[in-house]
Every structure is written in C-alpha cells, then in structure tokens.
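First up is the structure itself, then whatever we jot down about it.
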Ligand code: UD1
C-alpha cells in the first residue's frame with residue numbers, strides 16, 4: 001500500500017517507516033520537523049536503501065496535505081503527528097488542544113473527501129487514566145486524563161469513533177501504546193527528546209552518557225514488590241511491527257478496532273535500572289526522590305487481543321530495550337545533533 005506517515009520523522013513514526021518498507025509497503029512522510037530532525041530522513045534512506053519521499057508541511061494545513069494525498073495516491077494514513085510532552089501540555093493546554101485536534105480534523109476531512117479509507121492512530125495507555133484493573137484490556141474503561149496531552153488522545157479516540165459511525169466504510173485502528181523505549185538495532189535512529197527527557201529510559205541513557213548528572217527514582221514507597229512503579233516497556237521496533245500488523249487487519253476486516261500494544265509484562269523502575277547497569281557495565285549516579293505527581297503505581301496490559309486478531313506479539317525484552325537504547329545513545333550522544 002501507499003502509506004502516508006504524518007509525523008513520520010518522529011521517534012515512533014521513523015521506526016514504523018522502516019517496518020513498513022521491510023514489509024513491502026511504499027511510504028510518504030509528512031512532518032513539520034518541529035519536534036524531529038531532518039537528519040532522520042537520510043538515516044532512514046541509509047537503513048532501508050530506499051529514497052524516502054517526504055514533505056515539510058504542517059498536517060493542520062489542509063491544502064498542502066490534500067495535494068500530497070492526491071499526488072501520492074495515498075491508500076492509508078498512519079497519524080503520528082502531534083505534540084507529546086505531558087509537562088508542556090500542562091503549561092500550554094490551548095496549544096496542545098489546538099495542534100493535536102486541528103491536525104486530526106483536517107486529516108479526517110481530507111480522507112473522507114478523497115475516499116482514503118484506512119487510518120491508524122497513535123493512541124496511548126494514558127486513556128485508561130487510573131487503571132480499573134490490571135492487566136488492562138481493551139474493555140477497561142477509559143477515564144479523564146490527568147493532563148491535556150492525555151485528554152487530546154481521549155478526544156481524538158472519540159472523534160474517530162464518531163467518524164467511523166458516520167462513515168462505515170472507513171477502517172480505523174486505535175493503537176494504545178504502553179511505554180515505548182529502545183532504538184533500531186542499527187543505532188542510526190532512536191529517541192531524541194527535546195531538552196531534559198521525562199521518560200525513564202532516555203533519562204537513564206543520558207545520565208550514563210554524562211549529559212545529565214543524576215537519575216532520580218520518583219518514589220520507592222509504592223505498594224509494589226520493590227516499592228518502585230511498574231510499567232509495560234515495549235521495544236519501539238515491536239511497536240512498529242504492531243502498526244504493520246494493524247494495517248493488514250484494517251484492509252482485511254474493516255471497521256473500527258482498538259488494540260493495546262504492550263508486552264503484557266510489568267517491569268519496575270528498579271528492574272529497568274538494574275537491567276541497564278548490567279548490560280552497560282555502568283553504575284548510574286542515582287538517588288531515591290519523592291513520588292512524581294500523577295504517577296500510577298502499576299500499569300501493564302493484556303496484549304492477547306492483538307495477538308489473536310493481528311497475529312502480533314512483542315518479542316523483545318527489557319534487556320533488548322536497554323541494549324539498543326544504550327547503543328543509540330553512545331553512537332549519538334547528542335541525538336541527531338551529533339555528527340554523523
Ligand atoms: C509517561 C506519561 C504518559 C505517556 C508516557 C509515554 C506522565 C505522568 N505520563 O508515562 O502520559 O503516555 O510517558 O511513554 O508523565 N521515572 C523515574 N525517574 C525519571 C523518569 C521516570 O523514576 O527520571 C519513573 C516514573 O516515575 C514512572 C516510570 O519511571 O514511575 C516510568 O515513567 P515514564 O517513562 O515517564 O512513563 P509513564 O509515567 O508511564
């Protein structure tokens with residue numbers, strides 16, 4: 001298929017670009033490069049041996065987006081574009097609502113107009129809020145998000161459900177990511193957060209490389225086996241393969257589908273740190289700090305629906321995640337700003 005990846009130069013979009021190419025799809029990237037680097041395009045070309053068609057546009061700008069969809073004869077869209085910082089969303093809620101909602105609205109409008117029927121949306125486990133039960137399955141209730149970023153994911157899920165009701169020929173997959181981490185095995189693409197990372201794995205690798213001074217573990221007095229929070233860390237390449245599987249499902253069984261993309265295994269913050277220290281041979285400079293507001297103690301998913309219906313399952317382990325994230329960080333100490 002001819003797949004448009006909005007935000008295709010970002011962390012998850014870029015890894016999915018490779019997975020799509022490896023599965024024989026053609027891809028086109030639309031990105032405004034506001035949270036990503038143009039360097040990603042040449043790295044994708046290097047890894048895949050393909051030239052990558054790409055456009056520097058804002059997805060909320062209808063006319064260039066429409067032109068691309070027509071010129072490139074797009075059959076399916078994977079929508080990764082969007083602002084993604086939980087903390088920034090608390091400071092600038094209106095910006096988050098405007099950017100994330102206006103882009104999905106323009107995109108859907110154009111898809112309906114041009115009769116492009118297949119859409120895969122990057123949703124998040126954040127839509128479950130305080131988990132109703134563990135492991136989280138797709139029937140668990142979604143609940144009010146604790147931040148505007150999370151709210152945009154919930155709202156967009158609702159918008160897409162309403163759209164699919166009104167346009168039953170549209171095929172839509174909502175993919176709820178758990179905690180994506182790691183990097184491509186080539187160490188040419190990986191996670192490159194702007195400023196100080198919020199998420200655990202990039203924070204760990206940046207302390208190890210010396211960009212940051214110390215790792216603060218946000219609380220070790222939770223009601224968990226070792227007192228630290230438990231999450232479902234999924235290798236970004238497994239996540240990317242989940243997108244390819246979801247795309248085939250859309251074209252074979254139309255409608256709206258929702259899948260958790262996670263491993264089904266919970267790993268504590270301490271376990272992740274230990275796995276990283278083991279594989280890197282580095283003893284991290286770390287201390288225990290207070291709890292981080294908004295953190296839930298335990299969350300991991302039941303990924304069996306994706307396994308049954310997509311024939312997909314996460315294959316990589318936390319050791320693979322730490323090894324690949326560390327290789328990426330070592331080869332790119334300043335992310336894409338490092339010299340190639
Ligand atoms: C966070 C976001 C979530 C988003 C997800 C994307 C919050 C409250 N939630 O989830 O909306 O979808 O990232 O991956 O920000 N930790 C430390 N020290 C650090 C960094 C993290 O101890 O320096 C701990 C956290 O307190 C948490 C665990 O590591 O217990 C995982 O944190 P993180 O990687 O930020 O993911 P989530 O909180 O699950």
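Numbering (our numbering), first residue to last: 1 to 340. We put the CB at the ideal spot given by N, CA and C, even for glycine.
Is the stretch 313-328 close to the stretch 264-276, with three or more CB pairs under 8 Å?
-> yes
State yes or no: is the C-beta of residue 180 nearer than 7 Å to some heavy atom of the ligand UD1?
-> Indeed, a heavy atom of the ligand UD1 lies less than 7 Å from the Cβ.
Taking all protein chains shown into account, decide if residue 255 is buried (16 or more other Cβ within 10 angstroms of its Cβ) or exposed.
-> Exposed, since its Cβ has fewer than 16 Cβ neighbours within 10 Å.
Roughly how many whole angstroms lie between the Cα atoms of residue 181 and residue 191?
-> 8 Å
Own chain residues within Cβ distance below 6 Å of residue 227, not counting five before or after | 220, 221
Three-state secondary structure (DSSP) at residue 100?
-> helix
Contact under 8 Å by Cβ, residue 40 with residue 209 = no
Spatial neighbours of residue 140 within its chain, please: CB distance less than 8 Å, with the 5 preceding and 5 following residues excluded, ordered by chain position.
-> Here residue 140 has 128, 131, 132, 133 as same chain residues with Cβ atoms under 8 Å from its own Cβ, once five neighbours each way along the sequence are excluded.
Under 8 Å Cβ to Cβ from residue 37, same chain only, skipping five residues before and after it: list those, please.
-> 9, 192, 335, 336, 337
Cβ-based neighbour list, residue 99, same chain, cut-off 8 Å, excluding 5 preceding and 5 following | So the qualifying residues of the chain are 60, 82, 83.
The stretch 234-243 touching the stretch 169-178, judged by at least three CB pairs closer than 8 Å | yes
Report whether the distance from the Cβ of residue 7 to the nearest heavy atom of the ligand UD1 is below 7 Å.
-> False, no ligand heavy atom lies under 7 Å from that Cβ.
Hey, how far is the Cα of residue 146 from the Cα of residue 24?
-> 39 Å
Run the proximity test for residue 69: is its beta-carbon closer than 7 Å to any non-hydrogen atom belonging to the ligand UD1?
-> no
Counting only the same chain and skipping the five closest in sequence on each side, list residues whose C-beta sits under 7 Å from that of residue 151.
-> 145
Does any heavy atom of the ligand UD1 sit closer than 7 Å to the C-beta of residue 287?
-> no
Would you tell me roughly how many angstroms separate the C-alpha atoms of residue 112 and residue 218, rounded to the nearest one?
-> 45 Å
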